[in-house]
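Worksheet: one structure, shown below.
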Ligand SMILES: *[C@@H]1O[C@H](CO)[C@@H](O)[C@H](O)[C@H]1NC(C)=O
Ligand SMILES: *[C@@H]1O[C@H](CO)[C@@H](O)[C@H](O)[C@H]1NC(C)=O
Ligand SMILES: *[C@@H]1O[C@H](CO)[C@@H](O)[C@H](O)[C@H]1NC(C)=O
Ligand SMILES: *[C@@H]1O[C@H](CO)[C@@H](O)[C@H](O)[C@H]1NC(C)=O
Ligand SMILES: *[C@@H]1O[C@H](CO)[C@@H](O)[C@H](O)[C@H]1NC(C)=O
Ligand SMILES: *[C@@H]1O[C@H](CO)[C@@H](O)[C@H](O)[C@H]1NC(C)=O
Ligand SMILES: *[C@@H]1O[C@H](CO)[C@@H](O)[C@H](O)[C@H]1NC(C)=O
């Protein structure tokens with residue numbers, strides 16, 4: 037929610053070569069020289085964090101460093117050759133895309149099926165499966181169980197091994213409508229695939245026919261554009277009686293009453309069924325009796341939209357999907373069409389509307405997709421399910437090239453390791469593999485993982501549940517239509533490292549635990565969950581991820597379909613370590629904590645920028661804490677109080693839709709945010725709606741509107757603000773913290789500062805030079821004094 041007026045106006049730039057956009061130098065009240073120098077520093081820091089990326093071309097272009105007014109050379113600061121390659125194990129079973137399942141599985145006689153290889157390995161003493169060069173199109177999800185424990189599945193060192201969830205089409209393109217600038221071709225795909233929602237041509241996405249068009253195609257962010265303005269549509273109100281009555285549950289047990297916030301979020305509360313029947317399980321905080329916090333009211337969605345699309349009316353409206361932002365752009369909903377009145381352009385929504393947790397009577401900006409009449413722009417495709425014909429508006433002249441590959445993402449999950457807490461899958465290692473072409477999951481069941489603003493689907497190209505010591509090392513997750521990695525339920529010490537995520541439909545990595553809110557959860561099929569809903573508060577039964585590490589990864593261009601997507605999101609998950617990653621170009625917050633379950637997380641040494649490119653508020657990091665949970669994380673004994681979270685030595689740039697770099701929203705508590713370089717945003721530190729125990733210290737906060745805006749706290753739960761170097765665009769310090777505010781160095785344009793109380797806890801001077809700010813920042817980031825030099 038917009039708790040603070042946006043002080044900075046960003047005029048985004050589009051880089052010609054890459055579908056990436058960088059921070060803009062045109063920020064009100066900020067010298068262009070600072071913006072440029074800061075971006076160069078980000079480039080240096082990113083290369084330092086991930087030396088294996090060499091010149092890190094995508095980072096360079098995302099920071100817009102090839103521009104005329106802010107230019108630096110694209111060059112590597114490290115020796116990329118030093119990146120170690122895995123060794124080829126001696127006792128492996130070999131798999132090749134053109135192997136034979138009757139072969140011996142040796143390097144010279146590889147088999148073809150990865151599943152067969154892992155099953156043979158499980159029943160022998162071989163512990164390695166090596167995939168050879170090429171694309172392994174999976175006929176089915178690769179399943180790993182407890183019996184596969186100890187197995188390494190790796191791409192042959194030095195080879196390019198792709199594991200694809202797609203089906204390669206056999207095509208014979210015929211001209212369909214090739215007139216003037218129209219260049220539409222058709223091919224028969226009957227019997228090959230049933231539904232084509234995604235199409236990859238030579239490994240890049242084509243765009244499902246839509247209105248309004250995307251000038252750069254699906255993989256290039258349109259920012260706030262390429263939508264029909266919400267106010268041009270007429271929204272059919274929610275049907276409040278559609279699913280019958282909601283059942284409220286509020287935990288009134290005194291020992292579960294969180295006493296440390298001032299009348300905010302003291303009790304665990306949920307509502308079951310009612311309008312939350314769109315979720316599976318049908319439960320949400322936003323259906324509870326008293327949902328509270330920023331902009332709070334009970335969940336609902338509009339039940340239809342009337343809009344006269346210029347290329348309508350549509351003959352086969354049942355094919356359409358309407359993508360609708362929730363107003364204020366907190367998440368987007370996808371709706372199928374149940375009914376369509378072609379005379380009035382009145383769509384009644386069918387399935388969908390469950391892709392976010394926050395409701396509204398009306399929709400926000402929207403677009404339509406999947407109807408033949410909208411096939412009017414280069415790069416678009418339309419699949420007619422009735423006739424099995426695939427139409428492509430080829431982006432080029434003449435027919436689509438005969439040697440191009442056309443892949444339709446089909447499998448939602450590529451690797452599924454599923455065990456239980458009592459019989460876990462242990463010590464699996466995935467290494468040197470590229471995962472591609474998993475199918476879309478945005479119409480699959482979604483749940484509300486806890487009381488943040490999120491809804492999630494429990495899917496991922498790589499899915500983990502009931503695992504210990506799962507390691508993903510040196511893998512690439514590219515052009516997956518859902519999430520990259522889903523760490524679901526019981527998982528201990530899962531590690532994802534030295535891996536790269538790009539062009540994803542959903543999140544890069546999501547970690548999502550369980551508590552028993554309902555008797556049944558589709559994520560734990562066949563298990564009768566005990567003590568629901570009373571056990572909804574109770575996270576002591578271990579069914580959640582702990583000690584998940586994501587380190588030395590890059591992630592970019594995520595959330596192409598589901599806009600409430602992050603590089604890392606966690607819910608009912610504790611002790612995560614998010615270290616040394618480089619994240620940029622996402623539609624919403626970069627790293628998101630959906631609740632305060634357990635705590636003990638560490639977020640450090642990350643470079644995060646160009647988040648919230650298409651949405652409203654937040655910043656590189658966002659958190660909520662609206663639902664208290666009982667866990668043993670803090671002391672080993674059940675407690676309603678979480679362990680502190682640490683956010684340190686990060687370089688965050690809040691360059692789109694800026695609110696705060698670290699947005700501690702509704703009730704967030706127990707944060708140590710220190711030694712970071714935090715650039716832009718309305719304020720350096722935030723707490724609201726009962727948020728407390730927030731310590732912001734020794735940070736460099738560059739060009740923020742004001743220093744802090746926090747709410748009242750009760751005794752023993754106070755906030756602190758000290759030792760910070762705060763460069764402000766305004767002159768008001770913000771909230772007064774008395775003696776808990778000290779040793780800060782404030783800088784304002786005219787060297788004056790206004791405070792609501794006698795002191796503001798520090799010194800005041802005029803805006804420092806760029807170099808003075810960078811000197812302070814480099815100390816936090818461990819960079820040598822020369823901008824271009826790196827300490828490795
Ligand atoms: C991750 O990167 C850091 C900083 O470059 C480095 O010190 C560390 O060894 C790396 N860790 C792994 C597991 O590669
Ligand atoms: C071919 O495309 C043009 C331009 O979009 C359109 O006017 C015409 O009606 C189309 N013809 C057919 C047969 O669909
Ligand atoms: C069409 O191809 C051109 C040249 O490769 C590219 O610049 C453009 O973005 C593409 N358009 C779409 C809509 O994909
Ligand atoms: C909150 O205070 C009440 C009344 O003093 C007490 O019974 C309860 O145990 C406290 N809750 C917690 C989580 O400590
Ligand atoms: C669209 O249809 C719905 C359902 O029949 C109706 O309630 C609504 O009033 C209609 N909207 C308009 C603008 O006609
Ligand atoms: C993963 O496999 C388990 C066991 O077969 C199954 O119950 C579960 O639904 C699968 N998960 C996904 C996301 O496909
Ligand atoms: C949740 O249900 C599972 C399965 O029945 C059970 O093992 C577990 O103890 C329950 N958790 C709580 C906190 O009651």
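Numbering (the numbering used here), first residue to last: 37 to 828.
Glycine residues also receive a C-beta, built at the ideal position from the N, C-alpha and C atoms.
Using the Cα positions of residue 774 and residue 800, report the straight-line distance between them to the nearest angstrom. One-based indexing of the chain shown puts residue 774 at position 738. One-based indexing of the chain shown puts residue 800 at position 764. Between residue 774 and residue 800, the C-alpha separation is close to 16 angstroms.
Hey, how far is the Cα of residue 527 from the Cα of residue 461? Along the chain shown, read from residue 1 onward, the residue named residue 527 stands at position 491. Along the chain shown, read from residue 1 onward, the residue named residue 461 stands at position 425. The alpha-carbon atoms of residue 527 and residue 461 are separated by roughly 9 angstroms.
Heavy atom of ligand 5 less than 8 angstroms from the Cβ of residue 690, yes or no? Your numbering for residue 690 matches position 654 in the chain shown. The answer is no for residue 690.
Enumerated in chain order, which unbroken segments of the beta strand (DSSP E) with a length of 3 residues or greater are wholly contained in the stretch 580 to 605? 585 to 587 and 590 to 592
With burial defined as no fewer than 16 other Cβ atoms inside 10 Å of the residue's Cβ, what is the status of residue 633: buried or exposed? Sequence index remark: in the chain shown, residue 633 carries index 597 (1-based). The residue in question, residue 633, is buried, as its Cβ has 16 or more Cβ neighbours within 10 Å.
From the DSSP output, which residues share a beta bridge with residue 198? On the chain shown, position 162 is the one that residue 198 refers to. Its beta-bridge partners are 171 and 470.
Buried or exposed for residue 444, going by 16 or more other Cβ atoms inside 10 Å? Start at 1 with the first residue of the chain shown, and residue 444 comes out as number 408. Burial call: buried.
Taking Cβ positions, are residue 383 and residue 342 nearer each other than 9 angstroms? In the chain shown, residue 383 corresponds to position 347, counting from 1. In the chain shown, residue 342 corresponds to position 306, counting from 1. Taking 9 angstroms as the Cβ cut-off, residue 383 and residue 342 qualify as a contacting pair.
On the three-pair Cβ rule with 8 angstroms, is the stretch 159 to 178 touching the stretch 446 to 459? yes
For residue 722 and residue 754, the rounded distance between their alpha carbons: Reading the chain shown from its first residue, position 718 is the one you call residue 754. Reading the chain shown from its first residue, position 686 is the one you call residue 722. Going by the C-alpha atoms only, they are around 13 angstroms apart.
By how many angstroms is the C-alpha of residue 258 removed from the C-alpha of residue 650? Looking up residue 650 in the chain shown gives position 614. Looking up residue 258 in the chain shown gives position 222. One Cα belongs to residue 650, the other to residue 258, and the distance between them is close to 8 angstroms.
Can you give the Cα-Cα distance for residue 149 and residue 473, rounded to whole angstroms? On the chain shown, position 113 is the one that residue 149 refers to. On the chain shown, position 437 is the one that residue 473 refers to. If I take the Cα positions, the gap works out to 18 angstroms.
Within this structure, are the beta carbons of residue 612 and residue 660 separated by less than 9 angstroms? Here residue 612 is taken as the residue at index 576 of the chain shown, counted from 1. Here residue 660 is taken as the residue at index 624 of the chain shown, counted from 1. No. Outside cutoff.
Touching by the beta-carbon criterion (3+ pairs, under 8 angstroms), the stretch 513 to 521 and the stretch 536 to 545: yes
Coarse secondary structure for residue 53, derived from DSSP in three states: By one-based count along the chain shown, residue 53 stands at place 17. Residue placement at residue 53 cannot be trusted, given a pLDDT of 31 that sits under 50; what the coordinates show is reported in the next sentence. Residue 53 falls in the coil class under three-state DSSP.
Between the Cα of residue 207 and those of 734, 191 and 227, spot the shortest distance and give me the residue it belongs to. Residue mapping note: residue 207 aligns to position 171 of the chain shown, counting from 1. Out of 734, 191 and 227, 227 has the C-alpha closest to the C-alpha of residue 207.
As a quick exercise: from 636, 654, 789 and 510, pick the residue whose alpha carbon is nearest that of residue 644. Mapped onto the chain shown, residue 644 falls at position 608. Answer by Cα proximity: 654.
So which residues touch the region around ligand 2, with touch meaning a C-beta under 5 angstroms from any heavy atom? Going by the Cβ distance cut-off, the answer is 213 and 218.
Contact check, residue 513 vs residue 198, beta carbons under 9 angstroms: Within the chain shown, numbered from 1, the residue matching residue 513 stands at position 477. Within the chain shown, numbered from 1, the residue matching residue 198 stands at position 162. Their beta carbons are not under 9 angstroms apart, which means residue 513 does not touch residue 198 by this criterion.
Would you say residue 296 and residue 731 are within 9 angstroms of each other, going by their C-beta atoms? Sequence index remark: in the chain shown, residue 296 carries index 260 (1-based). Sequence index remark: in the chain shown, residue 731 carries index 695 (1-based). The Cβ-Cβ distance between residue 296 and residue 731 does not fall below 9 angstroms.
Sort out for me which residues DSSP pairs residue 76 with in a bridge. The residue given as residue 76 occupies position 40 in the chain shown. According to DSSP, which records beta bridges pairwise, residue 76 is partnered with nothing at all.
When we look at the beta-carbon of residue 491 and count the other beta-carbons within 10 Å, is it buried (16 or more) or exposed? In the chain shown, residue 491 corresponds to position 455, counting from 1. Burial call: buried.
Quick one, are the C-beta atoms of residue 635 and residue 582 less than 9 angstroms apart? Position 599 of the chain shown, counted from the start, is the residue given in the question as residue 635. Position 546 of the chain shown, counted from the start, is the residue given in the question as residue 582. The answer is no: Cβ separation not under 9 angstroms.
Under three-state DSSP, which class holds residue 244? Here residue 244 refers to the residue found at position 208 when the chain shown is read from its first residue. Here DSSP, grouped into helix, strand and coil, assigns residue 244 to strand.
At a cut-off of 8 angstroms, is residue 730 close to ligand 1 when judged by its beta-carbon and the heavy atoms of the ligand? On the chain shown, residue 730 is found 694 positions in, with the first residue counted as 1. Placement of the Cβ of residue 730 at a distance of 8 angstroms or more from every heavy atom of ligand 1 is found.
Determine the extent of the alpha helix (DSSP H) in which residue 555 is found, giving its start and end residues. Working through the chain shown from its first residue, we reach residue 555 at position 519. Unbroken run through residue 555: none, as it is neither H nor E.
Below 7 angstroms from a heavy atom of ligand 4 - residues by beta-carbon: 290, 291, 292, 293, 294, 295 and 676
Residues of its chain near residue 392, where Cβ-Cβ distance is below 8 angstroms and the 5 sequence neighbours each way are ignored: Taking the first residue of the chain shown as 1, we reach residue 392 at position 356. Excluding sequence neighbours, residue 392 sits near 362, 366, 367, 368, 369, 489, 490, 491 and 600.
Cβ separation of residue 155 and residue 196, assumed to be a contact under 8 angstroms, to the nearest whole Å: Within the chain shown, residue 155 is the residue found at index 119, counting from 1. Within the chain shown, residue 196 is the residue found at index 160, counting from 1. Contact flag wrong, Cβ pair sits at about 25 angstroms.
Tell me whether the beta-carbon of residue 735 lies closer than 9 angstroms to the beta-carbon of residue 760. Taking the chain shown and counting its residues from 1, the one referred to as residue 735 is at position 699. Taking the chain shown and counting its residues from 1, the one referred to as residue 760 is at position 724. Residue 735 is a Cβ neighbour of residue 760, given a cutoff of 9 angstroms.
Backbone secondary structure at residue 148 - three-state DSSP: Indexing the chain shown from 1 puts residue 148 at position 112. DSSP places residue 148 in coil when its eight states are reduced to three.
What do you reckon, are the CB atoms on residue 510 and residue 468 nearer than 9 angstroms? As a working mapping, residue 510 is identified with position 474 in the chain shown. As a working mapping, residue 468 is identified with position 432 in the chain shown. For the pair residue 510 and residue 468, the CB atoms are nearer than the 9 angstroms cut-off.
Could you tell me whether any non-hydrogen atom of ligand 3 is closer than 8 angstroms to the CB of residue 243? Position 207 of the chain shown, counting from 1, holds the residue named residue 243. Yes; taking the cut-off as 8 angstroms, the Cβ of residue 243 has a heavy atom of ligand 3 nearer than that.
Between the CA atoms of residue 219 and residue 434 - distance to the nearest angstrom: Here residue 434 corresponds to residue number 398 of the chain shown, with the count starting at 1. Here residue 219 corresponds to residue number 183 of the chain shown, with the count starting at 1. Approximately 7 angstroms between the Cα atoms of the pair.
On the premise that residue 625 lies in contact with residue 609, defined as a C-beta separation below 8 angstroms, what is that separation, rounded to the nearest angstrom? To locate residue 609, count along the chain shown from 1; it is residue 573. To locate residue 625, count along the chain shown from 1; it is residue 589. That pair is no contact at about 16 angstroms.
Can you say whether residue 458 is buried or exposed, counting buried as having 16 or more other CB atoms within 10 angstroms of its CB? On the chain shown, position 422 is the one that residue 458 refers to. Exposed, by the Cβ-count rule.
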